[in-house]
Amino acid sequence: MLTSNILNADLHCHSVVSDGTLTPEVLAERAQTNGVELWALTDHDEIGGQHRAAAAARAQGLKYLTGTEISVTFANETVHIVGLGFDPDNAGLLQGLRNTRGGREQRAMEMSDSLAKAGITGAFEGALKFVGNPELISRTHFARFLVESGVCRETSEVFRKYLTEGKPGYVPHRWATLQNAVTWITQAHGIAVIAHPGRYNFTPNEEYALFTEFRAHGGRGVEVVTGSHTRQEYVKYAETAREFGLAASRGSDFHSPDESHTDLGALPFLTGELTPVWELLADRIQ
Ligand code: AMP
Ligand code: MN
Ligand code: MN
Ligand code: MN
Numbered sequence: 001m002l003t004s005n006i007l008n009a010d011l012h013c014h015s016v017v018s019d020g021t022l023t024p025e026v027l028a029e030r031a032q033t034n035g036v037e038l039w040a041l042t043d044h045d046e047i048g049g050q051h052r053a054a055a056a057a058r059a060q061g062l063k064y065l066t067g068t069e070i071s072v073t074f075a076n077e078t079v080h081i082v083g084l085g086f087d088p089d090n091a092g093l094l095q096g097l098r099n100t101r102g103g104r105e106q107r108a109m110e111m112s113d114s115l116a117k118a119g120i121t122g123a124f125e126g127a128l129k130f131v132g133n134p135e136l137i138s139r140t141h142f143a144r145f146l147v148e149s150g151v152c153r154e155t156s157e158v159f160r161k162y163l164t165e166g167k168p169g170y171v172p173h174r175w176a177t178l179q180n181a182v183t184w185i186t187q188a189h190g191i192a193v194i195a196h197p198g199r200y201n202f203t204p205n206e207e208y209a210l211f212t213e214f215r216a217h218g219g220r221g222v223e224v225v226t227g228s229h230t231r232q233e234y235v236k237y238a239e240t241a242r243e244f245g246l247a248a249s250r251g252s253d254f255h256s257p258d259e260s261h262t263d264l265g266a267l268p269f270l271t272g273e274l275t276p277v278w279e280l281l282a283d284r285i286q
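Here you go:
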């Protein structure tokens, strides 16, 4: 069964351990209710929720793969690399992620200063009220504060008006390198997957460089069916997966019942010509 493309796998979502609003336990229950057959929790730059998620999945009778989503700077853009099926106690991975989380608090204070200049005060303290993990203050927490304080109606409006390049509250940040992220994951016996490639503002040449270098560093997969892609992007990145010899992944990128438009497991299946990432990870499914 786990070599089939017709599998309700959801290998991308977030809990309170990063910028989601549900606990790993509530997510496991929701995944089970929604008919997910194979699940991974992929908190940003953090694997502190992995043992909880695996235990919660076991309690629900749900198959589980360890997961994370690492922030990377490539060609002056932020790219996300999902790691799947790694050892959650691997020292190199834990240390790499700890280092990459380190810059977030300083960045958040600078974001708050930038918002103050636009007349929005108290954003750092306001965002902190939404933070579940003190090492992981993110733009999402600022977005929730801006909605709560009535500056915007919803988080999608926040990212149109604030926190993105050229807008108040935006602070450029240097994350891990592509090589760092892929190496941390593969040395921990996991596989690296390019997250939602349709979301980056790359030229065709830059995108080609991303996939080429990702492969050269040992990357093995790409998200094809994700809550961040249009139907046309499913087709485009299925073709890219074949071109670069990458396995295909599937995940909602669910963060919150109030914010996410794609619920856990609510995605089309991978089409037949693709090799699903779970085929490469059969021996790591718990
Ligand atoms: P950070 O890692 O602090 O830069 O925050 C990135 C997070 O912000 C992403 O993982 C999303 O959860 C959220 N985000 C970024 N852009 C958008 C957007 N346009 N709409 C909604 N959420 C977004
Ligand atoms: Mn997020
Ligand atoms: Mn992402
Ligand atoms: Mn994500």
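If you're matching positions, the sequence shown starts at 1 in the numbering used here and goes up one per residue. Ideal Cβ placement from N, Cα and C applies to all residues, glycine included.
When the options are compared against residue i, the one with the closest alpha-carbon
i	options	result
V36	F254, S156, T271 and G150	F254
R242	T121, L270 and E259	L270
A108	H44, V171 and L97	V171
L281	D87, F202, F130 and G102	D87
G227	N205, A266, P257 and G169	A266
C13	V147, G272 and D263	D263
E25	S4, A56, S18 and N34	A56
L246	R231, Q187, M111 and A192	A192
R284	A188, A116, F211 and A28	A188
I47	W184, A248, V151 and A75	W184
T240	S252, G218 and L210	L210
L27	L7, R58 and T3	R58
W175	G102, L11, E29 and T33	G102
A116	Y162, G132, A75 and S156	Y162
A153	F74, D258, F130 and P134	Correcting the residue type first, residue 153 is Arg in the shown sequence and not Ala. Per the Cα distances, D258.
S156	P168, A143, K167 and G166	A143
K167	H261, A238, G272 and A118	A118
E206	S4, A248, T73 and L22	T73
H229	S256, E213, H261 and Y208	H261
Q50	R30, V16 and A75	V16
L97	M111, V82 and N5	V82
P204	T164, Y237 and E125	Y237
F145	L65, K129, I6 and G169	K129
Limits of the alpha helix (DSSP H) - the one that residue i falls within
i	result
R104	R104 to K117
V277	V277 to L280
G126	A123 to L128
F145	R139 to E148
W175	No alpha helix (DSSP H) contains W175, which DSSP labels as neither H nor E.
S308	With the chain covering only 1 through 286, there is no way to say anything about residue 308.
R231	R231 to F244
R215	P204 to A216
T33	P24 to T33
T271	It is not in any alpha helix (DSSP H) - T271 carries neither H nor E in the DSSP assignment.
Expected contact under 8 Å - CB spacing of residue i and residue j to nearest Å
i	j	result
R220	F244	With a Cβ gap of about 10 Å, R220 and F244 do not count as contacting.
A9	L41	13 Å between Cβ atoms; not a contact.
N201	E77	6 Å
V277	L84	6 Å
T100	S71	7 Å
V224	L274	6 Å
L11	R250	6 Å
T21	S256	4 Å
Limits of the unbroken beta strand (DSSP E) element including residue i
i	result
S249	A247 to G251
L84	E77 to L84
G221	G221 to T226
A59	Looking at the DSSP string, A59 is not in any beta strand (DSSP E); the run it does join, the alpha helix (DSSP H), is Q50 to Q60.
F74	G67 to F74
I191	I191 to I194
Residue environment, residue i, which counts as buried when at least 16 other CB atoms sit within 10 Å
i	result
H80	buried
H44	buried
Q149	The sequence shown places Ser at residue 149, not Gln. Looking at its Cβ environment, which holds fewer than 16 other Cβ atoms inside 10 Å, S149 is exposed.
Q106	exposed
D19	buried
E69	buried
Q286	exposed
A91	exposed
P197	buried
T212	exposed
Residues near ligand 3, CB to any non-hydrogen atom under 6 Å, in chain order?
Those satisfying the condition are, in chain order, E69, H80, A195 and H196.
Can you pull every residue whose C-beta falls closer than 6 Å to some heavy atom of ligand 2, listed in chain order?
H14, D19, H44, T140 and H255
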